[in-house]
Every structure is written in C-alpha cells, then in structure tokens.
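In our numbering, the protein residues as written are 1294 to 1545.
Right, dumping it as structure tokens:
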C-alpha cells in the first residue's frame, strides 16, 4: 500500500503516514489512498453533534454508542482535534442536531428518526428558546464549550435528519473559502457519514478521523464497522487522531 502523504504548507518536508498504521481498516480491500493535503486557510475541521446525548454517560444514546466511544477514545480525541485546530488557527465548524416541538409532528420517519423522537434526543423548547438548554442532552459536552463558545467557531443551523442538506453548513464553508474538510464527531454511520457524503457531492475534499467518532453497536448491527467501510470507499483519506493532530501542527 502506498503511504498517504500530508503536504506541509510552508515546509519543504512532507509527513508520510502509513495507511496501515494510521488506520487499520485502510489496509484492507486493496483500495487506493488518495491522501489529504492540509493547506492553510482553506482547510477546516468539522465536528458533527458534539452533544451530551451522544457523548456523555447520562446521554440518551450512550447505552448503544458508549462502548464504542470508550474503545475509540472518542470523547478525548474530539477534544484533541478541537485543541489542535485552535492552536494552529484552523477554522472550526460545528453542525449540531436539534429537534424542536414542530419536528415531532412529522408524518413519516425512518427507523432511527422515530427512535430519536421517542427518547427525546436533542430536544429543545424551540428555535428561539434556550430555556432548559444548558446541561441538557442537546447541549455541548462541557469540556468542548471553551472551543465552541470562543466566538470564532462557526455553528451552523441544525441538521434535521442526518446530513447537512437541511442546514447552512455548505453556505458557511463556501463563504469562508473552505474546500477541504477534516470530519469528526457523532455518530459514525449516521450524521458523520452523511456529512461526508454530501460534502463529497458538493465538491469538497474530505478526510475522516477514524477514532474521533463512534456508532451504535447492537446484536447483528455494527454502525461503526459500516461507517469505516464507507469512509474508506468514499473519502479521500482516513487517519487516526494521532496522525491528524501531528499533521495539523506540522502544516502550521
């Protein structure tokens, strides 16, 4: 397998990362690895759903995603990516998931939409009402708040199903001159994968951080394994947090 190359903007050297070391799944299937070049100004970090309902032990989805999140070190790894982006001046975007009372009046839903509505996942009192938001399942994980609430991070409108087709993320990125995106967040085979797919369709160059995400794992259903397969087949590159953070810092 040819090593993936992160070009280091402003430096003569390059950082070579073996795909087999950066992400074990990358060594499978004999697929090419196009690689991903981090370039200043037009590369951004995107984090999907860094919210309590997914990432806190008291969150309503922790029972099905928690084991995978703990195995991957997902909570810590998302925090490391936030910190590295802020340290290096990389633009950061967050695409959250909120449900308002009117969203509970939909006439048709998919299986997981139905489940999320039944358990009150990401519920808020209304689009203009933050009553009860602080510390709720829809709120940011507490340790991420300094990174998200710093006045520089772009928080898009909420997406409503899984992908960014229903929010203004693409507009916000285009307006900032972003065309290369590093994706992390929750959950792997739902919102994270759907954002990857739509951004690919929209002409962005995309890589995914494999251990800065996690998914539900149920008897006979492994969302994380499904996501890793599709990340490798669709994104330009898949790497772990160690490799990604090192490349972000070196590209500075």
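Positions of the beta carbon are idealized from the N, C-alpha and C atoms, including for glycine.
Span separating the alpha-carbon of residue i from that of residue j
i: residue 1363; j: residue 1398; result: 35 Å
i: residue 1533; j: residue 1421; result: 37 Å
i: residue 1313; j: residue 1432; result: For residue 1313, the predicted model reports a pLDDT of 32, less than 50, meaning its position is unreliable; a value from the coordinates is still stated below. Rounded to whole angstroms, residue 1313 to residue 1432 spans 36 Å at the Cα level.
i: residue 1402; j: residue 1488; result: 19 Å
i: residue 1458; j: residue 1331; result: 25 Å
i: residue 1494; j: residue 1529; result: 13 Å
i: residue 1357; j: residue 1373; result: 23 Å
i: residue 1526; j: residue 1325; result: 9 Å
i: residue 1334; j: residue 1382; result: 9 Å
i: residue 1385; j: residue 1518; result: 27 Å
i: residue 1329; j: residue 1341; result: 20 Å
i: residue 1535; j: residue 1496; result: 27 Å
i: residue 1409; j: residue 1366; result: 24 Å
i: residue 1498; j: residue 1469; result: 15 Å
i: residue 1417; j: residue 1542; result: 37 Å
i: residue 1294; j: residue 1531; result: Confidence is the limiting factor: at residue 1294 the pLDDT is only 33, short of 50, which leaves the residue's position unreliable and the question unanswerable from this model.
i: residue 1503; j: residue 1490; result: 15 Å
i: residue 1512; j: residue 1348; result: 21 Å
i: residue 1337; j: residue 1522; result: 23 Å
i: residue 1299; j: residue 1425; result: Interpretation of residue 1299 is limited by its pLDDT of 40, a score under 50 that renders its predicted location unreliable; no figure is taken from the coordinates.
i: residue 1540; j: residue 1379; result: 14 Å
i: residue 1395; j: residue 1544; result: 44 Å
Residue i burial status per 10 Å Cβ neighbour count (16 or more: buried)
i: residue 1467; result: exposed
i: residue 1400; result: exposed
i: residue 1327; result: exposed
i: residue 1445; result: exposed
i: residue 1486; result: buried
i: residue 1411; result: exposed
i: residue 1427; result: exposed
i: residue 1390; result: buried
i: residue 1317; result: Only weak support is given to the placement of residue 1317: the predicted model assigns it a pLDDT of 47, under 50, and the question is left unresolved by the model.
i: residue 1310; result: Low local confidence applies: a pLDDT of 36 at residue 1310 is under 50, so the model's placement there is unreliable, with the coordinate-based value given in what follows. Counting Cβ neighbours within 10 Å, residue 1310 comes out buried, since at least 16 surround it.
i: residue 1452; result: buried
i: residue 1323; result: exposed
i: residue 1304; result: In this prediction, residue 1304 has a pLDDT of 29, which is less than 50 and means its spatial position is unreliable; what the coordinates show is noted afterwards. By the neighbour-count rule (16 or more Cβ atoms within 10 Å), residue 1304 is not buried but exposed.
i: residue 1315; result: At residue 1315, the pLDDT of 46 sits below 50, so the modelled position is not reliable and the matter cannot be decided from this model.
i: residue 1423; result: exposed
i: residue 1351; result: exposed
i: residue 1359; result: buried
N-terminal and C-terminal residue of the beta strand (DSSP E) that residue i is part of
i: residue 1487; result: Unbroken run through residue 1487 is the alpha helix (DSSP H), 1486 to 1494; no beta strand (DSSP E).
i: residue 1386; result: 1385 to 1388
i: residue 1520; result: Taken as a continuous stretch (DSSP letters only), residue 1520 belongs to no beta strand (DSSP E), being part of the alpha helix (DSSP H) at 1516 to 1527.
i: residue 1339; result: 1336 to 1341
C-beta atoms of residue i and residue j nearer than 7 Å
i: residue 1507; j: residue 1477; result: no
i: residue 1501; j: residue 1339; result: no
i: residue 1549; j: residue 1483; result: Residue coverage of the chain in this structure runs from 1294 to 1545, which leaves residue 1549 outside it and unanswerable.
i: residue 1538; j: residue 1377; result: yes
i: residue 1415; j: residue 1392; result: yes
i: residue 1462; j: residue 1449; result: yes
i: residue 1436; j: residue 1447; result: no
i: residue 1361; j: residue 1510; result: yes
i: residue 1343; j: residue 1434; result: yes
i: residue 1368; j: residue 1441; result: no
i: residue 1346; j: residue 1430; result: yes
Residue i: first and last residue of the uninterrupted alpha helix (DSSP H) it sits in
i: residue 1376; result: 1367 to 1381
i: residue 1537; result: 1534 to 1544
i: residue 1348; result: 1345 to 1348
Test: residue i CB closer than 7 Å to a CB of chain B
i: residue 1387; result: Of the protein chains in this structure there is only one, and it is not chain B.
Residue i CB to nearest heavy atom of the ligand MN below 6 Å
i: residue 1322; result: Of the ligands one can find in the structure shown there are none, so the ligand MN has no counterpart to examine.
Length at least 4, wholly inside the region 1418 to 1500: the alpha helix (DSSP H) runs in chain order: Secondary structure in the region 1418 to 1500: the alpha helix (DSSP H) runs of 4 residues or longer, each lying completely within the stretch, are 1438 to 1441, 1462 to 1468 and 1486 to 1494 in chain order.
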